[in-house]
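Heads up: the protein sequence lines correspond to chains C and X, in order. Read in the numbering used here, the first sequence has 185 at position 151, and its numbers run on one by one without any break. Read in the numbering used here, the second sequence has 127 at position 122, and its numbers run on one by one without any break. Ideal Cβ placement from N, Cα and C applies to all residues, glycine included. What follows is a single structure, written as structure tokens, with notes after it.
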Amino acid sequence: MKEVENREIIQMKEYKIINKRDTRSGFGEALYELGQSNPKVVALCADLTGSLKMNAFADNFPERFFQMGIAEANMIGTAAGLTIGGHIPFTGTFANFSTARVYDQIRQEVAYSEKNVKICASHAGITLGEDGATHQTLEDIGLMKMLPGMTVINPCDFNQTKQATKAIADHIGPVYLRFGRPVVPNFITDDRKFEIGKALKLIDGKDVSIFATGHLVWEALEAAKILNRKGISAEVVDIHTIKPLDEKAILESAKKTGCVVTAEEHSLNGGLGDSVAQVMARNFPIPQEYVAVMDSFGQSGTPAELMKHYGLDAGHIVASAEKAIGRKV
Amino acid sequence: MPDNNSLREIASQVRRDIIRMVNGAKSGHPGGSLGCADLLTALYFEIMDHDPENFDMDAPNQDVFILSNGHISPVFYSVLARNGYFPVKELATFRKLHSRLQGHPATMEKLPGVRVASGSLGQGLSFSIGVARAKTLNEDDKKVFCLMGDGELQEGQVWEALMHIGSKKVDNIIGIVDYNGKQIDGPTDEVMPLGNLKLKFEAFGWTVLEMNGNDMDDVVATLRHAKTLSGNGEPIMILMTTEMGMGVDFMMGTHKWHGAAPNDEQRDNALSQLEETLGDY
């Protein structure tokens, strides 16, 4: 830490909270707008239309909305079949039921069969909250990124989820889009264009690279402010697309800062951190610290309590950044 | 349109292809393939409206066949090739490295005629719902045929799909169950009894037809009837009784040839019982 101790506080880009909204509502709004603009878009839901914010689409385009009941396996297969004839199916249920419950169906009929299905998953991670670990998936990014040809996206706020939902409709190929339940800061402005596979640098820095995804992006921005007050210049990069990973942007940042912190609302195993570590190990081995859930299931609690308990907050990102900087040779 | 005698001749050649493919690969599933040779021959050469020379994944204004029990790929591949979807000589590559004829049907190698991968059981009927729905959205009144094995009905997902189709009246689907009573570990009655399938399907909102899947006259007449009934509010399920290994005496009456390949001697014995009608590949 000695090397940065006496630095002066530097100018840093600050992000303002536009409003506070849930990312799932960004999905719902975009899906409705897609319904208006693209007649090929169809949607399927497994008895969670309200939770997924799919009502506007369902109400306005009933002939293109399929209520599947509590039958997720059947929903995935039906979505795959709907692509025969040129439709673009969006499936909606909780992240756990969008992945682990239907993994073989996705593997065989969507990924291996190269079907243009958009698997849209709400209530990802522990911020699902009080329902507890049966519903909190921390393994979904890992599961989905292991499937050849699958695109995996975890947007950070309402605006970005909306942008991402629209972008995947234009992308040909299977996509896993992961978003969440709680109301969180909405801060991505319209000028920050969303491009699948293209990392979004939010703050320039030179001492440590913080690669964050999903709800942890805002926490990373908060962490950067704290670090800045300590005289540490943190670079914050929003890795909304975990696969395909923007290796170029990651390496460019890491080579500049010399150490890395990854932050995600996911298990340590198989998430963004693993993907980044693979890039570093093969190209540019440097210290990396993980902000993630350490190989455990979640539990009941409020989203805020759980994020604090599992160490998924700005404070833990700050500590990890300091640790990573301390490990620099 | 071929008459039923011509269809029987084609089916004989298809059975020869099955034996030769499985022998050539030294692996594969001859039993169910032989049992379903008459059905697939009738569907592709007589019943379905489709375009073998210009395979289009989207199948506009064409009937679609989905093979849910993907392990009977030999009969599927033979009928597709004999129908003109791809060169017959390609059957020789079955299950070999770099072949488009994967052990179980797949789309990744772009084999014309295959619209979805199958093999992991219980998934084809769900896929068929999607195809059927897409056809309705596209104002395409053609049908979706989906073949399942009887053992496959032990998969829970099949009943999700059966419930959906029956209750939501997806009436452009014609399901077919290969009711041969056998699966890998033995008779279905011993492994996991299926109960009264006709009553179960009817309770799920389906119109059930029954046919002898190894009697070409019955197969053609029942499929024609199913196509006529289809589209009138209730989905159609055909309970198709077949003999696993049909056409080869030593493969019939047992489940042992579900997934075993004949050696060269057994191949020759089998081929001596099946007339070569269209020329071997």
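Q. Under the three-state reduction of DSSP, which class applies to Lys-235 of chain C: helix, strand or coil?
A. strand
**Q.** Lys-342 of chain C Cβ short of 7 Å to the ligand PLP heavy atom set
**A.** Looking for the ligand PLP in the displayed structure turns up nothing, as the structure carries no ligands at all.
Q | Gly-291 of chain C versus C:Ile-244, C:Ala-297, C:Asn-303, residue with shortest Cα-Cα distance | A | Here the sequence assigns Thr to residue 291 of chain C, which means Gly is not the residue at that position. The shortest Cα separation from Thr-291 of chain C among C:Ile-244, C:Ala-297, C:Asn-303 belongs to C:Ile-244.
Q) With burial defined as no fewer than 16 other Cβ atoms inside 10 Å of the residue's Cβ, what is the status of Arg-141 of chain C: buried or exposed? A) buried
Q: Note down, one range per segment and in chain order, each alpha helix (DSSP H) of at least 4 residues found wholly within the segment 207-292 of chain C.
A: 250-263, 281-291
Q. Among X:Pro-267, X:Gln-278, X:Tyr-286, which residue has its Cα nearest to the Cα of Gly-36 of chain X?
A. X:Pro-267
**Q.** Per DSSP, the bridge partner or partners of Asp-56 of chain C
**A.** C:Val-217
Q: Could you tell me whether any Cβ in chain C is nearer than 8 Å to the Cβ of Ile-52 of chain X?
A: no
Q) Going by alpha carbons, who is nearest to Ser-156 of chain C out of C:Ile-175, C:Phe-128, C:Tyr-146, C:Tyr-137? A) C:Phe-128
Q) What residues in its chain sit with their C-beta under 6 Å from that of Tyr-49 of chain C, if we drop five residues either side in the sequence? A) Phe-221, Leu-255
Q. Below 8 Å between beta carbons: does that hold for Val-313 of chain C and Ile-284 of chain C?
A. yes
Q: Check Ser-78 of chain X in the structure and name its three-state DSSP category.
A: helix
Q | Per DSSP, cross-strand counterpart(s) of Asp-183 of chain X | A | X:Gly-154, X:Met-245
Q. Are the segment 75-83 of chain X and the segment 21-37 of chain X in contact at 8 Å, needing three or more beta carbon pairs?
A. yes
Q: Leaving out five residues on either side along the sequence, give the residues of the same chain with a beta carbon under 7 Å from the beta carbon of Asp-81 of chain C.
A: Gly-103, Ile-104
Q. Can Asn-88 of chain X and Met-221 of chain X be called in contact, C-beta distance under 8 Å?
A. no
Q.
Do Ile-230 of chain C and Thr-296 of chain C count as a contact pair if the criterion is CB distance below 8 Å?
A. no
Q. What residue does the alpha helix (DSSP H) around Lys-196 of chain C start on, and which one ends it?
A. 192-204
Q. Quick one: does Ser-32 of chain X have its CB under 8 Å from some CB of chain C?
A. no
Q: Please decide whether Phe-60 of chain X counts as near chain C, where near means a Cβ-Cβ distance under 8 Å.
A: no
Q: Report back the beta-carbon spacing between Asp-174 of chain C and Arg-212 of chain C to the nearest angstrom; my notes put them in contact at under 8 Å.
A: 6 Å
Q) When the Cα of Gly-156 of chain X is compared with those of X:Met-242, X:His-260, X:Gly-236, which residue comes out closest? A) X:His-260
Q: Identify the continuous alpha helix (DSSP H) that holds Asn-89 of chain C and give its terminal residues.
A: 89-94
Q.
Here's a check: name, in chain order, each residue in its chain whose Cβ is nearer than 7 Å to the Cβ of Lys-357 of chain C, leaving out the five neighbours to either side.
A. Glu-323
**Q.** Proximal residues, the segment 141-168 of chain X versus chain C, C-beta separation under 8 Å
**A.** Leu-142, Asn-143, Asp-145, Gly-161, Gln-162, Glu-165, Ala-166, Met-168
Q. Start and end of the beta strand (DSSP E) containing Gln-18 of chain X?
A. Premise fails: Gln-18 of chain X lies in the alpha helix (DSSP H), 9-30, not in any beta strand (DSSP E).
Q) By Cβ distance below 7 Å, which residues in the same chain neighbour Arg-20 of chain X in space, the five residues on each side in sequence not counted? A) Leu-39, Ala-42, Gly-252, Leu-279
Q: Look at the alpha carbon of Pro-96 of chain C and the alpha carbon of Asp-273 of chain X, and state the distance between them as a whole number of angstroms.
A: 58 Å
Q) Hey, does Ser-147 of chain C have any beta-carbon neighbour from chain X nearer than 8 Å? A) yes
Q: Return no unless some Cβ of chain C is closer than 8 Å to the Cβ of Gln-128 of chain X.
A: yes
Q) What did DSSP end up calling Ala-297 of chain C once you bin it into helix, strand or coil? A) strand
Q. CA-CA distance, Val-76 of chain C and Gly-29 of chain X?
A. 44 Å
(Q) Suppose you measure from the CA of Asn-53 of chain C to the CA of Ala-338 of chain C; what does that come to, to the nearest Å? (A) 18 Å
Q. Would DSSP call Met-35 of chain C helix, strand or coil?
A. At Met-35 of chain C, the pLDDT of 44 sits below 50, so the modelled position is not reliable and the matter cannot be decided from this model.
Q: Count the other C-beta atoms from every protein chain shown that fall within 10 angstroms of the C-beta of Glu-160 of chain X, then say buried if there are 16 or more, exposed otherwise.
A: buried
(Q) I'd like to know whether the C-beta atoms of Asp-191 of chain C and Thr-83 of chain C end up nearer to each other than 8 Å. (A) no
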